[in-house]
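Respectively, the protein sequence lines represent chains B and L.
Residues in the first sequence are numbered from 1139 upward in steps of one, following the working numbering.
Residues in the second sequence are numbered from 1139 upward in steps of one, following the working numbering.
From the three backbone atoms N, C-alpha and C, an ideal C-beta is built for every residue, glycine too.
Data first, discussion second: the structure below is written as structure tokens.
Number of protein chains: 2
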Amino acid sequence: MAQPKRQRTRRTGRHEIYVTLRQMVLTLQLPPGAALSENELAASLGVSRTPVRESLILLAQEGLVQVFPQIGSFVSRVDPAQVSDAQFLREAVELAALDDLPPELDDAVLQELRDNLERQQREGLGIEEFFELDEAFHQGLMRLSGHANAWTTVAAAKGHLDRARRLGLYENVSPAVFADQHREIFDAVVGGDVTLARTAMRTHLRAVFSDIERIRAHSPELFATDPSAVPVRRNVVVWE
Amino acid sequence: MAQPKRQRTRRTGRHEIYVTLRQMVLTLQLPPGAALSENELAASLGVSRTPVRESLILLAQEGLVQVFPQIGSFVSRVDPAQVSDAQFLREAVELAALDDLPPELDDAVLQELRDNLERQQREGLGIEEFFELDEAFHQGLMRLSGHANAWTTVAAAKGHLDRARRLGLYENVSPAVFADQHREIFDAVVGGDVTLARTAMRTHLRAVFSDIERIRAHSPELFATDPSAVPVRRNVVVWE
DNA sequence: CGACAAGTGCTTGCATACAAGCACTGGCCG
DNA sequence: CGGCCAGTGCTTGTATGCAAGCACTTGTCG
């Protein structure tokens, strides 16, 4: 299908850089606590400081990086308080969406969700692949209730939660449990049992959440300890 | 009390500009659809384009302004879809917070809310004053449930809703009704009747929301009509 | 040996110059 | 008279230079 290339909003280099950096932070390729440098990033990406800097400012507003003037920029450590906030937020929104399902569910979305669930149960699924399916599943449920846009707001605010979830997946490689919970939710939705759907959803979301404390004990250096952050400039020493 | 001026994060000029512009957009001093110009704003604020531009980028990410490369920057028109999304979001979060109230409520916050309610009922209250009290009241309820931070996320996402609410206040100057609803919610919370509190809260939030269609009929030029925006460069003609 | 102070190299914040592109204007030509 | 087309002035995007400041190193002096 010949997509009209004429975007109403032109693609800028900044947007591409922003998306790239954001993905690297969320997938932990840029681990929590890592020192960033506008100059280094600009050089490695082959652009000037300007678009890199503007991207960092956006990521800072999302809470994914912290910028300390005259000191440096750092990937935020996972903040348990922010994880908890995002958990509360997503639970409130997803449960409210279940209450708001229309009588007639969109067939196209339902079929998409069925395909998604089937793929989740395939063997040998990579962590990133499962994560993607997981996100698509929850987003699909929000679309069923007609609140897809509200979900994008939640998605933007749950960066800390997502990083913690990824850490959980890398620790405990058993997405099968989550896949089963997804199916349980879906069946309740299709069956029209809102109460059961709510219960299943709440159980599912809290199961994901409960892993975090265990992970924190295992990898404390990835988590923030004190609200008064500890910015540390990395050593100036250079291998040569 | 001698506040330690030594902020951990130094205040930058950009932050000040960002707060200023954001306030001007939310209070409709910069009306929906208004054309902005990085150069003009920079000149009028006495700084260079850089901090202004970075502020506009942040506001664009919040959806309060739209930036069209090589065309111009504009204050977003109020988007009914985004208003509806924010309404759904805040209702979900505030109701969930009521479900999550602790057994023992914080006395300091309770007293603050009582003072707030009393001030709401004073005669001759300006619209902006009432709006501020309104915001503080809802934020106070969120603090009671221990989810103040989740509220900041909602607050950041509800810019379109707030502008619509302000339009409603300017149209229909009767904040007394809202003040009474606030007291009803508060009394139910203090009385420990979560069910009643939820009902009162839902009624209150939807009352605010229901005004919007009327306002839209009255001032359609402030609302967005088509998702495919209509960026129009303002005339180059200059009075002289 | 210990402590203090200047030096060095990095950091981000801000200012500014240039590049690419859109929209309107006004003149030219059929 | 109508339509095309270069010209002009604005827009935002990007690159770059400089300023202010922090942290570490190193030399100096007691």
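_Alpha carbon of LEU1243 (chain L) to alpha carbon of ARG1281 (chain L), nearest angstrom_ = Here the question's residue 1243 (chain L) lines up with position 105 in the second sequence. Here the question's residue 1281 (chain L) lines up with position 143 in the second sequence. Cα-Cα distance, rounded: 10 Å.
_DSSP state of VAL1185 (chain B) mapped onto helix, strand, coil_ = Taking the first residue of the first sequence as position 1, residue 1185 (chain B) is located at position 47. Of the three classes helix, strand and coil, the one that applies to VAL1185 (chain B) here is coil, per DSSP.
*Beta carbon proximity, ILE1350 (chain B) to chain L, threshold 8 Å*: As a working mapping, residue 1350 (chain B) is identified with position 212 in the first sequence. Judged by the 8 Å Cβ criterion, ILE1350 (chain B) is not in contact with chain L.
*Within 10 angstroms of the Cβ of GLN1167 (chain B), are there 16 or more other Cβ atoms? Answer buried if so, exposed if not.*
Along the first sequence, one-based indexing puts residue 1167 (chain B) at 29. Its Cβ having fewer than 16 others within 10 Å, GLN1167 (chain B) is exposed.
*Tell me whether the beta-carbon of VAL1213 (chain L) lies closer than 8 Å to the beta-carbon of HIS1298 (chain L).*
Against the second sequence, residue 1213 (chain L) aligns to sequence position 75. Against the second sequence, residue 1298 (chain L) aligns to sequence position 160. Not in contact: VAL1213 (chain L) and HIS1298 (chain L) (Cβ atoms no closer than 8 Å).
*Residues in the region 1278-1293 of chain B with C-beta within 7 Å of chain L's C-beta atoms, listed in sequence order?*
HIS1285, ASN1287, ALA1288 and THR1291
*the region 1232-1240 of chain L touching the region 1275-1289 of chain L, judged by at least three CB pairs closer than 8 Å*: yes
*Beta-carbon gap between ARG1187 (chain L) and GLU1178 (chain L) smaller than 8 Å*: Indexing the second sequence from 1 puts residue 1187 (chain L) at position 49. Indexing the second sequence from 1 puts residue 1178 (chain L) at position 40. No, the Cβ-Cβ distance between ARG1187 (chain L) and GLU1178 (chain L) is not below 8 Å.
*Measuring CA to CA, which of L:GLN1161, L:HIS1320 and L:VAL1328 is closest to LEU1194 (chain L)?*
Translated into the one-based positions of the second sequence, residue 1194 (chain L) becomes position 56. Nearest C-alpha to LEU1194 (chain L): L:GLN1161.
*For PRO1207 (chain L), decide whether its Cβ has a neighbour in chain B, counting only Cβ atoms nearer than 8 Å.*
Reading the second sequence from its first residue, position 69 is the one you call residue 1207 (chain L). Chain B contact via Cβ: present.
*Selected residue, minimal CA-CA separation from THR1165 (chain B), among B:LEU1307, B:ASP1223 and B:LEU1248*: In the first sequence, counting from the first residue as 1, residue 1165 (chain B) sits at position 27. The residue with the shortest Cα to Cα distance from THR1165 (chain B) is B:LEU1307.
*Which whole-angstrom value describes the C-beta separation of ILE1155 (chain B) and LEU1174 (chain B), a residue pair presumed to lie in contact below a C-beta threshold of 8 Å?*
Residue numbering aside, residue 1155 (chain B) sits at position 17 when the first sequence is read from its first letter. Residue numbering aside, residue 1174 (chain B) sits at position 36 when the first sequence is read from its first letter. So it is not a contact: roughly 12 Å between Cβ atoms.
*Report buried or exposed for HIS1356 (chain L), applying the criterion of at least 16 other Cβ atoms within 10 angstroms of its Cβ.*
Within the second sequence, numbered from 1, the residue matching residue 1356 (chain L) stands at position 218. HIS1356 (chain L) is exposed by the Cβ-count criterion.
*How should PRO1189 (chain L) be labelled, buried or exposed, when 16 other C-beta atoms within 10 angstroms of its C-beta is the threshold for buried?*
As a first step, residue 1189 (chain L) is located in the second sequence; it is residue number 51 there, counting from the start. Answer is buried; the Cβ neighbour count reaches 16.
*Under a three-way DSSP split, which group does SER1214 (chain B) fall into?*
Locating residue 1214 (chain B) in the first sequence gives position 76, counting from the first residue. Looking at SER1214 (chain B) - three-state DSSP - the assignment turns out to be coil, as it is neither helix nor strand.
*Report the rounded CA-to-CA distance for ARG1252 (chain L) versus PRO1241 (chain L), giving the unit in angstroms.*
Reading the second sequence from its first residue, position 114 is the one you call residue 1252 (chain L). Reading the second sequence from its first residue, position 103 is the one you call residue 1241 (chain L). Taking the straight line joining both Cα atoms gives about 19 Å.
_If the criterion is Cβ atoms closer than 8 Å, does the pair GLN1319 (chain B) and THR1341 (chain B) meet it?_
Here residue 1319 (chain B) refers to the residue found at position 181 of the first sequence. Here residue 1341 (chain B) refers to the residue found at position 203 of the first sequence. Cβ distance < 8 Å, so GLN1319 (chain B) and THR1341 (chain B) count as in contact.
*Candidates L:LYS1296, L:TRP1289 and L:ASP1217, of which the one nearest ALA1362 (chain L) by Cα*: What you label residue 1362 (chain L) is simply residue 224 of the second sequence in a count that begins at 1. Nearest of L:LYS1296, L:TRP1289 and L:ASP1217 to ALA1362 (chain L), Cα basis: L:ASP1217.
*Counting only beta-carbon atoms, is ASP1331 (chain L) nearer than 8 Å to chain B?*
Start at 1 with the first residue of the second sequence, and residue 1331 (chain L) comes out as number 193. It does not: the Cβ of ASP1331 (chain L) has no partner Cβ on chain B nearer than 8 Å.
*Among residues of its own chain, excluding the 5 on either side of LEU1159 (chain L), which ones have a beta-carbon nearer than 7 Å to its beta-carbon?*
For the purposes of this step, residue 1159 (chain L) is taken as residue 21 along the second sequence, with counting starting at 1. Cβ within range, chain order: SER1193 and LEU1197.
*Roughly how many whole angstroms lie between the Cα atoms of LEU1112 (chain B) and GLY1329 (chain B)?*
The requested residue 1112 (chain B) does not occur in the structure, where chain B is confined to residues 1139 to 1378.
*Would you say ALA1234 (chain B) faces chain L, with C-beta separation under 8 Å as the test?*
The residue you call residue 1234 (chain B) lines up with position 96 of the first sequence. Yes, its Cβ sits closer than 8 Å to a Cβ of chain L.
*With DSSP as the reference, please indicate the residues paired to GLN1204 (chain B) in a beta bridge.*
Translated into positions along the first sequence, residue 1204 (chain B) becomes position 66. DSSP lists B:PHE1212 as partners of GLN1204 (chain B).
*GLU1261 (chain B): buried (16+ other C-beta within 10 angstroms of its C-beta) or exposed?*
Counting from 1 along the first sequence, the entry for residue 1261 (chain B) is found at position 123. Exposed: under 16 other Cβ atoms inside 10 Å.
*For a contact meaning CB atoms closer than 8 Å, what does ASP1223 (chain B) contact in chain L?*
Here residue 1223 (chain B) is taken as the residue at index 85 of the first sequence, counted from 1. Near ASP1223 (chain B) (Cβ distances below 8 Å), the residues of chain L are HIS1285, ASN1287, ALA1288 and THR1291.
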